[in-house]
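In what follows, a structure is listed as structure tokens, so that the remarks can point back to it.
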Amino acid sequence: MQQNKRQTGAAYEEQAARFLLEQGYQILERNYRCRQGEIDVIARDGSYLVFVEVKYRSSRQAGHPMEAVNRSKQRKIIRTAMYYCYQQKVADTQACRFDVVSILGDQTELVKHAFEVQRL
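Mind the numbering: the sequence shown is residues 23 to 142 in our numbering, read in order.
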């Protein structure tokens with residue numbers, strides 16, 4: 023079961039990456055992992071360094087995919103992004119943003135600026 027979930031997640035992350043490329047994003051990293059957590063996609067969109075969370079639901083029965091990116095998940099993504107910037111020596115002046123790719127059934131939606139950095 024766990025392997026099947028991973029395969030499903032990887033397939034939808036691949037779909038999201040293709041979608042982002044079509045939107046003009048330049049993919050820098052996929053499945054970035056560190057102690058703080060994981061970021062599905064790190065990309066460039068114009069002058070922005072973008073940290074992208076990918077969420078999939080086959081139907082609304084379990085809620086909209088965006089609902090899964092709650093405050094707790096956001097904090098984890100922010101901490102991971104901060105560590106990535108530290109590790110990669112990203113300039114403090116670099117504009118960053120957090121986007122979410124929501125896949126519900128066969129519909130893919132991109133939410134730019136899905137959340138902001140808040141106090142951790």
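Just so it is clear, CB atoms sit at the ideal spot from N, CA and C, and this is done for glycine as well.
Counting along the chain, Ala103 sits inside the alpha helix (DSSP H) bounded by residues Arg93 to Gln109.
With at least 16 other beta carbons inside 10 angstroms of its own, Ser124 counts as buried. Taking a 10 Å sphere around the C-beta of Ala136, we find 16 or more other C-beta atoms and assign the residue as buried. Rounded to whole angstroms, the separation of the alpha carbons of Lys111 and Thr102 is 14 Å. The criterion of a C-beta distance shorter than 9 Å is satisfied by Val72 and Arg119. Boundaries cannot be given for Gly127, as no beta strand (DSSP E) includes it and DSSP labels it neither H nor E. Within the same chain, Gly127 come within 7 Å of Ser80 by CB-CB distance, once the 5 residues on both sides are set aside. Shown here, Arg57 sits in coil according to DSSP, grouped into three states, outside any helix or strand. Less than 9 Å separates the beta-carbon of Asp67 from that of Gln45. The beta carbon of Gln109 is closer than 8 Å to those of Cys56 in its chain, skipping five residues each way along the sequence.
Counting only the Cα atoms, Met88 lies some 9 Å from Tyr78. Apart from sequence neighbours up to five positions away, the residues of its chain that approach Tyr70 with a beta-carbon distance below 6 Å are Ala117 and Arg119, ordered along the chain.
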